[in-house]
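S.K.:
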Amino acid sequence: MSLSLDDVRRIADLARIALSDDEAAGVHAKLASIFGLVDELLAIPTDGVEPMAHAQSIALPLRDDAVTERDERQAYQRVAPATDAGLYLVPKVIE
Amino acid sequence: MTAPDTVTAQAAALARGDCSSVELTQRALDRIASMQSLNAFITVDTEGALAQAREADAARVRGTAGPLAGIPIAHKDVLMTAGLRTTCGSRMLADFVSPYDAHVVGLLKRAGTVLVGKTNMDEFAMGSSNENSHFGPVRNPWNRSLVPGGSSGGSAAAVAAGIVAGATGTDTGGSIRQPASFTGITGLKPTYGLCSRYGLVAFASSLDTPGVFAHSAHDCALLLTAMAGHDERDSTSLSHAQEDYARDIDASPSDAHKPLAGVRIGLPREYFASGVESEVAGVVDQALGTMRSLGATLVEIGLPTVRHSVPAYYVIAPAEASSNLSRFDGVRYGYRARDYRDLDDMYRRTRAEAFGEEVKRRILVGTYVLSHGYYDAYYLKAQQVRRLIADDFRRAFAEVDFIAGPVAPTPAFAIGDRRDDPVQMYLGDIFTIAANLTGIPALSLPAGFTRDGRPVGLQLQASYLRESALLAAAHRFQQATDWHARRPDLARVAGA
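If you read the protein sequences in the order shown, they are chains A and B.
This note's numbering numbers the first residue of the first sequence as 1 and each following residue consecutively.
This note's numbering numbers the first residue of the second sequence as 1 and each following residue consecutively.
1) Consult DSSP for A:A59 and reduce its assignment to one of helix, strand or coil.
2) Examine the Cβ distances between the segment 151-170 of chain B and the segment 241-248 of chain B and report whether three or more of them are shorter than 8 Å.
3) Determine, for A:A53, whether the minimum Cβ-Cβ distance to residues of chain B falls below 9 Å.
4) Give the DSSP-derived three-state secondary structure of B:T225 in the structure shown.
5) For B:M1, name the three-state secondary structure that DSSP assigns.
6) Checking contacts by CB at 9 Å: is B:V565 closer than that to chain A?
7) Could you tell me whether any Cβ in chain A is nearer than 9 Å to the Cβ of B:F355?
8) Using CA atoms only, rank isn't needed, just tell me which of B:F393, B:A412, B:V400 is closest to B:D438.
9) Going by the CB atoms, is the gap between B:P190 and B:A40 shorter than 9 Å?
10) Of all the options B:V105, B:Y335, B:G136, which has the alpha carbon lying nearest to the alpha carbon of B:A552?
11) Cβ of B:I403 less than 9 Å from any chain A Cβ?
12) Is it right to say A:S20 is buried, meaning 16 or more other beta carbons lie within 10 angstroms of its own, or is it exposed?
13) Using a Cβ cut-off of 8 Å, pull out every chain B residue sitting near A:V67, in sequence order please.
14) Assess, as a yes-or-no matter, whether the segment 97-105 of chain B is touched by the segment 198-215 of chain B under the definition of 3 or more beta carbon pairs within less than 8 Å.
15) Comparing alpha-carbon positions, which option in B:V44, B:D420, B:V331, B:F203 lies nearest B:E131?
16) With burial defined as no fewer than 16 other Cβ atoms inside 10 Å of the residue's Cβ, what is the status of B:Q383: buried or exposed?
17) Hey, would you say B:Y314 sits closer than 9 Å to B:V385, going by beta carbons?
18) Quick test of your reading: B:V7 and B:A214, contact by CB under 8 Å. State the CB separation rounded to the nearest angstrom.
19) Could you check the C-alpha separation between B:R466 and B:R454 for me, to the nearest Å?
20) Given this structure, state the Cα-to-Cα distance separating B:V493 from B:T367, to the nearest angstrom.
21) Less than 8 Å between the CB atoms is what I'm expecting for B:R348 and A:I17, so what's the real figure, rounded?
22) Using a C-beta to C-beta distance shorter than 7 Å, which residues of chain A count as neighbours of B:F449?
23) Of all the options B:N436, B:V456, B:A469, B:V114, which has the alpha carbon lying nearest to the alpha carbon of B:Y192?
24) Skipping 5 residues on each side, what residues in its chain have a beta carbon closer than 7 Å to that of B:L259?
25) I'd like the list of long-range same chain contacts for B:T481, defined as Cβ closer than 7 Å, with 5 residues on each side in sequence excluded.
26) For B:T113, count the other beta carbons within 10 Å of its own beta carbon; 16 or more makes it buried, fewer makes it exposed. Which is it?
27) A:L60 versus chain B: which residues are under 7 Å apart at the beta carbon?
28) Cutting at 7 Å between CB atoms, please list the residues of its own chain near B:Y378, excluding the five before and the five after it.
29) Taking Cβ-Cβ distances shorter than 9 Å, what residues in chain B pair up with A:E72?
30) Compute the Euclidean distance between the alpha carbons of B:S278 and B:P409, then round it to the nearest angstrom.
31) Cutting at 7 Å between CB atoms, please list the residues of its own chain near B:F499, excluding the five before and the five after it.
32) Where DSSP assigns a beta bridge to B:S541, which residues make up the other side?
33) Note down, in chain order, each residue of its chain lying with its Cβ closer than 8 Å to the Cβ of B:E399, except the 5 sequence neighbours on either side.
34) Helix, strand or coil for B:A472 per DSSP?
35) Would you mind working out which of B:F182, B:S34, B:Q479, B:A12 sits nearest B:H257, comparing C-alpha positions?
36) By the three-class DSSP mapping on this structure, what secondary structure does B:A496 have?
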């Protein structure tokens, strides 16, 4: 499968990474070489092989449905770029 | 008298009262200052370290000192340390102060270790040379024109240069073992799930594994004993009983001359076929000869699917990274672009400005392989190949105790050599990646040098949760060799 320049623009858009036209060409060349390596996978026969998502086949544990976390809002918001009254500030979305 | 520079020797010296933690800590801080040219540290906590050292000395007087009380260590800057910066080597988190401790950081603190600082690394642990750091490359203490390996290059350099006797790292595709090999020290990647990932800034969650660097396997055993253990805050943390990982080391072998008698070591044909630099192959062969002389039986084995581990990894790891790194949006923490039109533009510019080239590449690769129309062809396929690789190892471990081979196809390379060729950089991970895909423990131990003085490591891999036996085999090798006791010419490192 070959990756086009339009594919690169589309995935940069999906990944929310600004990419100028100048950058896109360079990124395209690098990604194309990476997919040149990765495309080796496509030829490997894997019919009926169960995909392995994880190193250990353990079931996710369940915990009691009880409050265990303390309110750490102040501590966590201290590292935010912009907050006010306990809220995260972002540019206006609705006029 | 030269000051002790291993965890084992420092613990003994502190217990005897030969030195204080304040003295050891001050020495570590002095070395950080005199070896700044290595660029091994991103943050140094002078006051905090000395306060912890005084507390460790006081605890010893009170008789309440923990097993590692007073030993200066460093943490890779991807592990959260309450009140200290955790940058992940990224502009994105250049000013991020951790609100809490990672689980392994808390455990090592409880054991009494003194944290002197946070070590440099490839941005978000993506890299094999430590050149992808926003804070500049780390230099190899054996030769400052060489890379120390990556991504945990700062921790490896700090231990190799004798700044600290032990340091943490994380290993997602070889990020502990490869730098350990490049800097002539011992590095252990434990079984996935043995050490909690809580507070480890996520790169690829199904592969990320906290582990340790030190000079010897014995030192690694002491550190691992302190940092392993179940943690309910990590849903993939194993419910495994606490172990003393020095146990098998301390047990005396039945035959002192053949301490590895009865041990079967598998040599995968695929690891020795081609692509390994001849001097590396020579060192590995010689180390395997030592293993045989210690009583081990060497058995040729096959791991036919392992050659596909690089492409499988470079689908799975970027896929997980693209998901994990979506959290960096300039809203809740870290960098925010200064100029933007609207919310969406803020996300785009924030991520474009604050992520480095390699991180962006991996996010884009991951986004592509998870996107509509490509998910089955790439992501699901890579997960199927991951299963085939794990099956290969399961079959092999039915026949052998350990699997041995090179850590990397080459020794440390020159800074700048592979910078513009990601594929060449990725191919260097061929021998380390499988342990992450399967989740087994693996270590690199110093095994020799090239003619021009570059260290070369031997990799030993074991089946799940066999750390104690793995460390014991490495220890027996280190009792018979002195590669782990070699040190770089520190006067040269410290000099201008």
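Think of the CB as a built atom: it goes at the ideal place given N, C-alpha and C, for glycine as much as any other residue.
M.R.: This is what the structure holds:
1) In the first sequence, the residue the question calls residue 59 of chain A occupies position 59. Correct three-state label for A:A59: coil.
2) no
3) For the purposes of this step, residue 53 of chain A is taken as residue 53 along the first sequence, with counting starting at 1. Answer yes: the Cβ-Cβ gap between A:A53 and chain B drops below 9 Å somewhere.
4) Along the second sequence, one-based indexing puts residue 225 of chain B at 225. The answer is helix: DSSP assigns B:T225 an H, G or I state.
5) Position 1 of the second sequence, counting from 1, holds the residue named residue 1 of chain B. Caution applies to B:M1, whose pLDDT of 48 falls short of 50 and renders its modelled position unreliable; the value that the coordinates give is listed next. B:M1: coil per DSSP, three-state reduction.
6) Here chain B comprises residues numbered 1 to 496, so residue 565 of chain B is not present and cannot be evaluated.
7) Your numbering for residue 355 of chain B matches position 355 in the second sequence. B:F355 counts as touching chain A.
8) Here residue 438 of chain B is taken as the residue at index 438 of the second sequence, counted from 1. As written in the sequence, residue 438 of chain B is Thr, which differs from the Asp given in the question. Comparing Cα positions, the closest option is B:F393.
9) In the second sequence, counting from the first residue as 1, residue 40 of chain B sits at position 40. In the second sequence, counting from the first residue as 1, residue 190 of chain B sits at position 190. No.
10) Residue 552 of chain B is absent from the model: chain B starts at 1 and stops at 496.
11) Your numbering for residue 403 of chain B matches position 403 in the second sequence. No, because no Cβ of chain A sits closer than 9 Å to the Cβ of B:I403.
12) Taking the first residue of the first sequence as position 1, residue 20 of chain A is located at position 20. Under this definition A:S20 is an exposed residue.
13) For the purposes of this step, residue 67 of chain A is taken as residue 67 along the first sequence, with counting starting at 1. None at all; the shortest Cβ gap to chain B is about 15 Å.
14) yes
15) Position 131 of the second sequence, counted from the start, is the residue given in the question as residue 131 of chain B. Per the Cα distances, B:D420.
16) Here the question's residue 383 of chain B lines up with position 383 in the second sequence. Flag for B:Q383 reads buried.
17) Stepping through the second sequence from its first residue, residue 314 of chain B is reached at position 314. Stepping through the second sequence from its first residue, residue 385 of chain B is reached at position 385. For B:Y314 and B:V385, no; Cβs fall outside 9 Å.
18) In the second sequence, the residue the question calls residue 7 of chain B occupies position 7. In the second sequence, the residue the question calls residue 214 of chain B occupies position 214. Rounded, the Cβ-Cβ distance is 6 Å, consistent with contact.
19) Residue numbering aside, residue 466 of chain B sits at position 466 when the second sequence is read from its first letter. Residue numbering aside, residue 454 of chain B sits at position 454 when the second sequence is read from its first letter. Taking the straight line joining both Cα atoms gives about 30 Å.
20) Reading the second sequence from its first residue, position 493 is the one you call residue 493 of chain B. Reading the second sequence from its first residue, position 367 is the one you call residue 367 of chain B. Their backbone Cα atoms lie some 42 Å apart in a straight line.
21) Mapped onto the second sequence, residue 348 of chain B falls at position 348. Mapped onto the first sequence, residue 17 of chain A falls at position 17. That belief holds up - the Cβ atoms of B:R348 and A:I17 are roughly 6 Å apart, short of 8 Å.
22) By 1-based counting over the second sequence, the position of residue 449 of chain B is 449. In chain order: nothing, as chain A lies at least about 31 Å away.
23) Within the second sequence, numbered from 1, the residue matching residue 192 of chain B stands at position 192. That would be B:N436, whose Cα lies nearest to the Cα of B:Y192.
24) Numbered from its first residue, the second sequence carries residue 259 of chain B at position 259. Residue identity check: residue 259 of chain B is Pro in the sequence provided, not Leu. Here the set comprises P253, L294, G295, R476.
25) Along the second sequence, one-based indexing puts residue 481 of chain B at 481. Excluding sequence neighbours, B:T481 sits near T290.
26) Against the second sequence, residue 113 of chain B aligns to sequence position 113. Buried, because 16 or more other Cβ atoms sit within 10 Å of the Cβ of B:T113.
27) Within the first sequence, the letter at position 60 stands for residue 60 of chain A. Those within 7 Å of A:L60 in chain B are S235.
28) The residue labelled residue 378 of chain B in the question sits at position 378 within the second sequence. Excluding positions up to five away in sequence, the list reads V315, V369.
29) Taking the first residue of the first sequence as 1, we reach residue 72 of chain A at position 72. Those within 9 Å of A:E72 in chain B are P99, Y100.
30) Here residue 278 of chain B corresponds to residue number 278 of the second sequence, with the count starting at 1. Here residue 409 of chain B corresponds to residue number 409 of the second sequence, with the count starting at 1. Taking the straight line from one Cα to the other gives about 9 Å.
31) As displayed, chain B neither begins before 1 nor continues past 496, which places residue 499 of chain B out of reach and without an answer.
32) Here chain B has residues from 1 to 496 only, and residue 541 of chain B is not among them.
33) For this step, residue 399 of chain B is matched to residue 399 along the second sequence. Within the same chain, B:E399 has close Cβ partners R264, G266, V299, I301.
34) As a first step, residue 472 of chain B is located in the second sequence; it is residue number 472 there, counting from the start. It is helical.
35) For the purposes of this step, residue 257 of chain B is identified with residue 257 of the second sequence, where counting begins at 1. It is B:Q479 whose Cα lies nearest to the Cα of B:H257.
36) Residue mapping note: residue 496 of chain B aligns to position 496 of the second sequence, counting from 1. Residue placement at B:A496 cannot be trusted, given a pLDDT of 41 that sits under 50; what the coordinates show is reported in the next sentence. Here B:A496 sits in coil by DSSP.
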